[in-house]
Amino acid sequence: MKYLVVGGAGYIGSHMVKHLLHAGHEVVVADLEAPVQGLQWVCLDIADGHGLDTLLSDYHFDAVFHFASFIQVGESVADPDKYYLNNVCATLSLLEAMVRAGVKRLIFSSSAAVYGDPEYVPIDEQHPKVPINPYGRSKWMVEQMLEDFDRAYGLRSVSLRYFNAAGADPDGQLGECHLPETHLIPLILQAAAGRRESVTVFGHDYDTADGTCVRDYIHVADLASAHALAVEYLLAGGATTAFNLGNGLGFSVQEVIETAREVTGRTIKVNQAPRRAGDPPRLVADAQKARSILGWQPGFTSLQDIVRHAWAWELKYPWR
Ligand code: UFG
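Positions in the sequence shown are counted from 1; adding 7 to them yields my numbering.
Here is the structure:
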């Protein structure tokens, strides 16, 4: 198959490109950054409709994977324009170009942020969607646009609602690096490696067993395998829908730090700080739908494996 991966140079997108190339597919990456994997790269902003028209008419893609978005909740509150412009308007530009070119299948990176403060856990796909920040609202807006684009233009899509993407390529080639880094596991491992003084825990007074927030960490390689199954589902005629992607296991911030201490054997200095705005106490997925409809079976459900792979990558590329 021939696939376009938008945002294929990013953390999750690069793992996807590797997965698709390994499975023998032809992959073109559209990104403003050069991808690590894959020789076919187009430096393109998807807000550029003419550029997209040229790209989509040059290749006859079987489907598009769309990973390109801004992902920082706090920044989305401070600068919502940036998030609506990129995550919503640029995605609309991509959808329009796909309709013009007759490319009718899309896999969209959505988020657990569409649910807002959970009314119950584990969270299934039926849970009310009441996002509590512009980032979550941008993802939910796109999901609703996708339903309308299916009804009106026959563009079928799968929205994959990630819980906490984590870990690194088990082969050690790819890993997680955001600038600035705001995600828990890379920050903990940078502290373990001595690249930062300490890690700060936001909030000790949540209604959880140890008072710190609980999250469902899902290995990035398992996210990639779910996307591959999702595109097969669409190619087989599957209807537009959304799936949660998580392990259904919740780990507190404190448990993640303890696991990192065990895996790395290093001292990790911890500071305490007040709660971070907009953090729900507990986010845990019910991903039964992805398991039963897509046949998805995550391979790295243990937090030890997730942290071990991230640590191996941290040690391999300490200069970045
Ligand atoms: N945390 C700390 N200290 C830090 C960083 C994080 O204590 O320095 C805590 C957070 O408060 C949270 C947990 O660690 O309780 C995980 O935080 P992350 O920032 O790693 O991840 P989030 O749960 O905030 O965010 C994830 C995705 C986002 C997405 C969000 C909602 O990374 O892209 O889920 O779905 F928006």
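Backbone N, C-alpha and C fix where the C-beta goes; we use that ideal spot for every residue, glycine too.
message: Buried or exposed for Thr274, going by 16 or more other Cβ atoms inside 10 Å?
response: For the purposes of this step, residue 274 is identified with residue 267 of the sequence shown, where counting begins at 1. It counts as exposed.
Local Cβ density within 10 Å of Ser21, reported as buried at 16 or more and exposed below that: Residue numbering aside, residue 21 sits at position 14 when the sequence shown is read from its first letter. Buried is the call here.
message: DSSP has Lys9 in a bridge; who is on the other side?
response: As a first step, residue 9 is located in the sequence shown; it is residue number 2 there, counting from the start. According to DSSP, Lys9 bridges with Glu33.
- prompt: What distance in whole Å lies between the Cβ atoms of Ser118 and Tyr169, which are believed to be in contact at a cut-off of 8 Å?
  reply: Against the sequence shown, residue 169 aligns to sequence position 162. Against the sequence shown, residue 118 aligns to sequence position 111. The pair is a contact, with the Cβ atoms about 6 Å apart (cut-off 8 Å).
query: Under the three-state reduction of DSSP, which class applies to Trp303: helix, strand or coil?
result: On the sequence shown, position 296 is the one that residue 303 refers to. DSSP places Trp303 in coil when its eight states are reduced to three.
Opposing strand residues paired with Phe250 [DSSP bridges]: For the purposes of this step, residue 250 is taken as residue 243 along the sequence shown, with counting starting at 1. Leu167.
For Ile114: DSSP bridge partner residues: The residue labelled residue 114 in the question sits at position 107 within the sequence shown. Its beta-bridge partners are Phe72 and Val165.
message: I'd like to know whether the C-beta atoms of Asp69 and Lys25 end up nearer to each other than 7 Å.
response: Locating residue 69 in the sequence shown gives position 62, counting from the first residue. Locating residue 25 in the sequence shown gives position 18, counting from the first residue. Going by C-beta atoms, Asp69 is not nearer than 7 Å to Lys25.
message: Taking a contact to mean a Cβ-Cβ separation below 7 Å, would you say Gly143 touches Val121 in this structure?
response: Within the sequence shown, numbered from 1, the residue matching residue 143 stands at position 136. Within the sequence shown, numbered from 1, the residue matching residue 121 stands at position 114. A contact, by the Cβ cut-off of 7 Å.
query: Taking C-alpha atoms, which residue in Ala228, Val291 and Gln279 lies nearest to Gly306?
result: On the sequence shown, residue 306 is found 299 positions in, with the first residue counted as 1. For the residues Ala228, Val291 and Gln279, the minimum Cα distance to Gly306 belongs to Ala228.
- prompt: Cα-Cα, which of Leu252, Arg289 and Ile195 is closest to Ile264?
  reply: As a working note, residue 264 is residue 257 in the sequence shown. Minimum Cα distance to Ile264 is reached at Ile195.
- prompt: Are at least three pairs of beta-carbons, each pair with one atom in the region 243-258 and one in the region 286-303, less than 8 Å apart?
  reply: yes
- request: Determine the burial state of Tyr324: buried for a count of at least 16 other Cβ atoms within 10 Å of its Cβ, exposed for fewer.
  value: The residue you call residue 324 lines up with position 317 of the sequence shown. Label assigned to Tyr324: exposed.
message: If the criterion is Cβ atoms closer than 7 Å, does the pair Ala352 and Gly179 meet it?
response: Outside the displayed range of the chain (8 to 327) lies residue 352, so it cannot be described from this structure.
task: Would you check if there are 3 or more beta carbon pairs closer than 8 Å linking the region 237-254 to the region 149-168?
output: yes
message: Please classify Ala243 as buried or exposed, where buried requires at least 16 neighbouring CB atoms within 10 angstroms.
response: Here residue 243 refers to the residue found at position 236 when the sequence shown is read from its first residue. It counts as exposed.
query: Under 7 Å, do Leu241 and Arg107 count as touching if we go by C-beta distance?
result: In the sequence shown, counting from the first residue as 1, residue 241 sits at position 234. In the sequence shown, counting from the first residue as 1, residue 107 sits at position 100. No. Outside cutoff.
- request: Reducing DSSP to helix, strand and coil, say where Cys220 ends up.
  value: Position 213 of the sequence shown holds residue 220. DSSP places Cys220 in coil when its eight states are reduced to three.
message: Would you say the beta carbon of Ser259 is closer than 6 Å to some non-hydrogen atom of the ligand UFG?
response: Sequence index remark: in the sequence shown, residue 259 carries index 252 (1-based). Checking every heavy atom of the ligand UFG against the Cβ of Ser259, none is found closer than 6 Å.
- prompt: Three-state secondary structure (DSSP) at Arg107?
  reply: For this step, residue 107 is matched to residue 100 along the sequence shown. Three-state DSSP puts Arg107 in a helix.
- prompt: In angstroms, rounded to a whole number, what distance separates the CA positions of Ile300 and His134?
  reply: Translated into positions along the sequence shown, residue 300 becomes position 293. Translated into positions along the sequence shown, residue 134 becomes position 127. Using only the alpha carbons, I get a separation of about 18 Å.
task: Could you tell me the distance, in whole angstroms, from the CA atom of Arg282 to the CA atom of Leu191?
output: The residue you call residue 282 lines up with position 275 of the sequence shown. The residue you call residue 191 lines up with position 184 of the sequence shown. For Arg282 and Leu191, the distance between alpha carbons rounds to 14 Å.
message: Among the candidates Val260, Gln44, Ala54 and Val221, whose CA atom is the shortest distance from the CA of Ala97?
response: Looking up residue 97 in the sequence shown gives position 90. Selected option, being the one with the closest Cα: Ala54.
- prompt: Is it the case that the CB of Leu194 approaches a heavy atom of the ligand UFG more closely than 6 Å?
  reply: The residue you call residue 194 lines up with position 187 of the sequence shown. Checking every heavy atom of the ligand UFG against the Cβ of Leu194, one is found closer than 6 Å.
query: Which whole-angstrom value describes the C-beta separation of Ala41 and Ala16, a residue pair presumed to lie in contact below a C-beta threshold of 8 Å?
result: Along the sequence shown, read from residue 1 onward, the residue named residue 41 stands at position 34. Along the sequence shown, read from residue 1 onward, the residue named residue 16 stands at position 9. That pair is a contact at about 6 Å.
message: For Val270, tell me which candidate among Leu236, Gly302 and Leu322 has the shortest Cα-Cα distance.
response: Counting from one through the sequence shown, the residue named residue 270 turns up at place 263. The option with the nearest alpha carbon to Val270 is Leu322.
- request: Hey, could you find the ends of the alpha helix (DSSP H) Phe156 is sitting in?
  value: If you number the sequence shown from 1, residue 156 lands on position 149. Element bounds for Phe156: Pro141 to Tyr160.
query: When burial is assigned at 16 or more other CB atoms within 10 Å of the CB, is Asn171 buried or exposed?
result: What you label residue 171 is simply residue 164 of the sequence shown in a count that begins at 1. Asn171 should be labelled buried.
- request: Please list, in chain order, all residues of the same chain as Asp286 whose beta carbon is under 8 Å from its beta carbon, the five residues on each side excluded.
  value: What you label residue 286 is simply residue 279 of the sequence shown in a count that begins at 1. In the same chain as Asp286, and ignoring 5 residues on each side of it, the C-beta atoms closer than 8 Å to its own belong to Phe209, Gly210 and Cys220, in chain order.
field: Alpha carbon of Met152 to alpha carbon of Pro138, nearest angstrom
entry: Along the sequence shown, one-based indexing puts residue 152 at 145. Along the sequence shown, one-based indexing puts residue 138 at 131. Straight-line Cα distance between these residues: approximately 16 Å.
query: Does the beta carbon of Leu191 fall short of 6 Å from some heavy atom of the ligand UFG?
result: Taking the first residue of the sequence shown as position 1, residue 191 is located at position 184. Checking every heavy atom of the ligand UFG against the Cβ of Leu191, one is found closer than 6 Å.
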